[in-house]
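S.K.: Quick one: structure below, then a few questions.
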Amino acid sequence: MAQLEGGERASFPSWSSYWAFERSIRREARYVRTPEVEAFLASVLATADRRETTLKAGAGLWRAQLGHDWREVEVFGGGTESLPEPYRPERMKPLVGRAPDGRANSKGIPSLYLATTDETAMSEARPWLAASLTLAKFEVVRPLKLVDCSRHARKLPIYFEEPPASEREESVWTWIDRAFSEPMTRGDDVAEYAPTQVLAELFKQAGYDGVAYKSAFGAEKGFNIALFDLAAARVRSLQVKTVKAVRFEFAEEGEARRPTVEPLGPGA
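Numbering-wise, the sequence shown is residues 41 to 308 according to the numbering used here.
Here it is, written out as structure tokens:
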């Protein structure tokens, strides 16, 4: 097991330690943290090396954005026709100082959100049927050291009694992965992002180049990667894609409810 300063062995007090951290950051204190939160972050950092992975220079990653540009071409007989073309390369990266809040970045401090497969990247954009997207393939320009949260099981652990330390650690990191993977919406309160923003800053200050986590969309083998340095990957190719099919599967949760209907009175 990883070590804390002074030789103390890193350990989380509970399998649900992430929940306590999340609640504190969202509802209690964000910038001047409690001793319990500081201890949690120390344990996260001390156990992060067990989840460290390296992304080699030259590795290919993907990013998609809804929409595309247009270009005018001459047509037979005179006149012009508008044809779709991909966004410019610079359009496929966030603007420094103008980035909105994200799971792995605070407002104005952008991270570069990429995916390991084109399908995952396009699914993360949440397009609708017949929507068009610009898909960019990026190339990693240098070796990158990542914290890989994606290696944990998708099934979320729940315990009624505290498990051994190794299982507590696994549980905490599974919930961390879930927090990064949870889809964002424009209606989310900024506080919803705060816990993962704190973790991302922790990893960044510790010298990591980014964080990898599962995708809530796309293929089972696709993962997301948030890079802290926008220059760590460059655009190598661009193309326009159109959504041909969208498929959802649903499962019942709980019992169906039937509303009470008042009987109609005489003459109704």
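Built from N, CA and C at the ideal position, the CB exists for glycine as well.
Report the rounded CA-to-CA distance for T300 versus S255, giving the unit in angstroms.
M.R.: 41 Å
S.K.: Would G117 be called buried (16 or more neighbouring beta carbons within 10 Å of its own) or exposed?
M.R.: By the 10 Å Cβ count, G117 comes out exposed.
S.K.: Can you tell me the Cα-Cα spacing of T94 and V180, whole angstroms?
M.R.: 11 Å
S.K.: Under 8 Å by Cβ, that's how I've got A155 and G148 pegged, so tell me the actual separation to the nearest angstrom.
M.R.: Cβ-Cβ separation between A155 and G148: approximately 24 Å, too far for a contact (criterion under 8 Å).
S.K.: Are F263 and A272 close, meaning C-beta to C-beta below 7 Å?
M.R.: Going by C-beta atoms, F263 is not nearer than 7 Å to A272.
S.K.: At which residues does the alpha helix (DSSP H) containing K244 begin and terminate?
M.R.: A234 to Q245
S.K.: Counting Cβ pairs, one atom from each stretch, are 3 or more of them under 8 Å apart for the region 158-171 and the region 273-284?
M.R.: Contact holds: three or more Cβ-Cβ distances are below 8 Å.
S.K.: My understanding is that P235 touches R103, with C-beta atoms under 8 Å, so please give their C-beta distance in whole angstroms.
M.R.: Actually they are not in contact, since the Cβ atoms of P235 and R103 sit about 24 Å apart, beyond 8 Å.
S.K.: Under the DSSP definition of a beta bridge, which residues are partnered with A104?
M.R.: L175
S.K.: Considering W110, what are the terminal residues of the beta strand (DSSP E) in which it resides?
M.R.: D109 to E114
S.K.: Can we say the region 128-136 touches the region 79-86, given the rule of at least three CB pairs closer than 8 Å?
M.R.: No: the two stretches stay apart, fewer than three of their Cβ pairs being nearer than 8 Å.
S.K.: Let me check understanding here. Comparing Cα to Cα, which of R298, L270 and R91 lies closest to S151?
M.R.: L270
S.K.: Are the beta-carbon atoms of E125 and R111 separated by less than 7 Å?
M.R.: yes
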